[in-house]
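Just below is one structure, and these are the notes that go with it.
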Amino acid sequence: MGAIEGMDLGRFGVWTFDFEDQPASMMRDSVQELEELGWRAFWIPERDGREAMTHAGFLLSCTERMTVVNGIAQIWSRGARWTRGAATLLADAYLDRHLLGLGFGGERPGVTSPLRAMGEYLDEMDAATSANPAPRAPMRRLLAAYGPKMLELARDRAEGAHTYHVTVEHTARARQVLGEGPFLGVEHAVLFETDPARAREIAREHLHVYFGTTYNIAKFLRLGYTEADIDGGRGSDRLVDDLVFWGDLDTIARRLHGHLDAGADHVGVQVIGVEPGRSAMPQWRLLAEALRPGPAAG
1 MGAIEGMDLG
11 RFGVWTFDFE
21 DQPASMMRDS
31 VQELEELGWR
41 AFWIPERDGR
51 EAMTHAGFLL
61 SCTERMTVVN
71 GIAQIWSRGA
81 RWTRGAATLL
91 ADAYLDRHLL
101 GLGFGGERPG
111 VTSPLRAMGE
121 YLDEMDAATS
131 ANPAPRAPMR
141 RLLAAYGPKM
151 LELARDRAEG
161 AHTYHVTVEH
171 TARARQVLGE
181 GPFLGVEHAV
191 LFETDPARAR
201 EIAREHLHVY
211 FGTTYNIAKF
221 LRLGYTEADI
231 DGGRGSDRLV
241 DDLVFWGDLD
251 TIARRLHGHL
261 DAGADHVGVQ
271 VIGVEPGRSA
281 MPQWRLLAEA
291 LRPGPAAG
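Each residue of the sequence shown is one higher than the last, beginning at 1 in the numbering used here.
Written out as structure tokens, the structure is:
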């Protein structure tokens, strides 16, 4: 299976939006405890105002061993030259501890081809020149990818792919496209709730926006779900249960391992159902014990 030379993210990592709602001091305390608990990778999105590269740099400065992964830095947020410059600095300052994830970042008015936009962005990154010194370790990147063509681009022009809100079946298909060498990092949402009705209510609240976007709907339809499963943005029980693993700790851990069995190298675990401004640390502690997310075997 895939690996990124010089880096070890472990089998499982923490993937979270929570730091968008927390002050720097709380973020620092949380990421330092996660490192002590054995988590090797911490995934951050770029959505509500925290700029991806400064966010990653801050978290790297707070830790000693943990890899910080942008999942993802949106290509519309900064020019390709400046993304390259920032990622190169982080690669030099934090040896083998920063992984740049790049993504299209949702639907964009007037942009009809995410694949072309991503290819052009990579071209610009790779053509950029700078007087900055070369980093001690190479700058490494992943691409957010779902469909076969974007997965092929991730295979050919990055260390591999990062997938978000996908099923175990999608992971198996993605591995087939990528082949054995490239890295495949999969995000999956989990919810500590054993009551089915309550769990699905919370999961639907989290998933609702994804059931209303064209590219996400296309992703689900390619996997064999139907318009009835989309259900006008509500999501069928079957689709919701496949996208959010809910239940007790043992159930959640068992289902997360399904992605590894299907070909993922790493799973970024997103705990949902936490109130804005609060911490998922209690759940992260339980998951650290159950998943043993430390160094990958071999």
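Just so you know, even glycine gets a beta-carbon here, dropped at the ideal spot from N, CA and C.
Where Ala262 and Ala117 are concerned, what is the direct C-alpha to C-alpha distance, given to the nearest angstrom? Sequence index remark: in the sequence shown, residue 262 carries index 262 (1-based). Sequence index remark: in the sequence shown, residue 117 carries index 117 (1-based). For Ala262 and Ala117, the gap between their C-alpha atoms comes out near 30 Å.
Own chain, CB closer than 6 Å to Ala24, minus 5 neighbours either side, in chain order: Locating residue 24 in the sequence shown gives position 24, where the first residue counts as 1. Around Ala24: no qualifying Cβ.
Kindly give me the distance between the Cβ atoms of Val68 and Gly101, rounded to whole angstroms, as I take these residues to be in contact under 8 Å. Your numbering for residue 68 matches position 68 in the sequence shown. Your numbering for residue 101 matches position 101 in the sequence shown. In this structure, Val68 and Gly101 do not form a Cβ contact; the two beta carbons are roughly 10 Å apart against a cut-off of 8 Å.
Can you tell me the Cβ-Cβ gap for Gly270 and Trp15, rounded? I've got them flagged as a contact below 8 Å. Walking along the sequence shown from the start, residue 270 turns up at place 270. Walking along the sequence shown from the start, residue 15 turns up at place 15. This sequence places Gln at residue 270; Gly is not what is there. About 4 Å separates the two Cβ atoms, so the contact holds.
Residues near Met26 in its chain [Cβ-Cβ closer than 8 Å; skip 5 each side]: Counted from its first residue, the sequence shown places residue 26 at position 26. Hits under 8 Å: Ser279.
Do you know offhand how far Ala322's Cα is from Arg234's? The chain is shown only over 1 to 298; residue 322 falls outside these bounds and no answer can be derived.
Under the three-state DSSP convention, the category Thr213 falls into: Along the sequence shown, read from residue 1 onward, the residue named residue 213 stands at position 213. Three-state result, Thr213: coil.
So, using beta-carbon positions, are Cys62 and Val31 closer together than 8 Å? On the sequence shown, residue 62 is found 62 positions in, with the first residue counted as 1. On the sequence shown, residue 31 is found 31 positions in, with the first residue counted as 1. A contact, by the Cβ cut-off of 8 Å.
Proximity winner among Ala144, Leu9 and Leu191, relative to Leu256 (alpha-carbon distances): As a first step, residue 256 must be located in the sequence shown, where it is residue number 256. Answer by Cα proximity: Leu191.
Neighbourhood of Thr163 by C-beta distance below 8 Å, restricted to the same chain and skipping five residues each side: Counting from one through the sequence shown, the residue named residue 163 turns up at place 163. Only residues of its own chain outside the window of five on either side were considered, and among them Ala144, Ala145, Tyr146, His170, Thr171, Ala174, Leu184, Gly185, Val186 and Glu187 have a CB closer than 8 Å to the CB of Thr163, listed in chain order.
Assign Phe58 to one of three DSSP states: helix, strand, or coil. Along the sequence shown, one-based indexing puts residue 58 at 58. Phe58: helix per DSSP, three-state reduction.
If we count the other Cβ atoms within 10 Å of its Cβ and call it buried at 16 or more, is Pro109 buried or exposed? Counting from 1 along the sequence shown, the entry for residue 109 is found at position 109. Per the 10 Å Cβ criterion, exposed.
Tell me whether Trp39 is buried or exposed, calling it buried when 16 or more other Cβ atoms sit within 10 Å of its Cβ. As a working mapping, residue 39 is identified with position 39 in the sequence shown. Trp39 is buried by the Cβ-count criterion.
State the CB to CB distance for the pair Ala220 and Asp229, rounded to an integer number of angstroms; the pair is presumed to be in contact (CB under 8 Å). For the purposes of this step, residue 220 is identified with residue 220 of the sequence shown, where counting begins at 1. For the purposes of this step, residue 229 is identified with residue 229 of the sequence shown, where counting begins at 1. At residue 220 the sequence reads Phe, which differs from the Ala that was named. Going by Cβ atoms, the distance from Phe220 to Asp229 rounds to 7 Å, so yes, they are a contact pair.
Residues bridged to Asn70 by DSSP? Against the sequence shown, residue 70 aligns to sequence position 70. BP columns for Asn70 point to Ile44.
Closest Cα partner of Pro182 within the set His266, Pro293, Ala73 and Glu64: Counting from 1 along the sequence shown, the entry for residue 182 is found at position 182. Relative to the Cα of Pro182, the nearest Cα in the group His266, Pro293, Ala73 and Glu64 belongs to His266.
Measure the Cβ-Cβ separation of Gly103 and Ile75 and say whether it is below 8 Å. Here residue 103 refers to the residue found at position 103 when the sequence shown is read from its first residue. Here residue 75 refers to the residue found at position 75 when the sequence shown is read from its first residue. It is a contact, given that the beta carbons lie within the stated cut-off.
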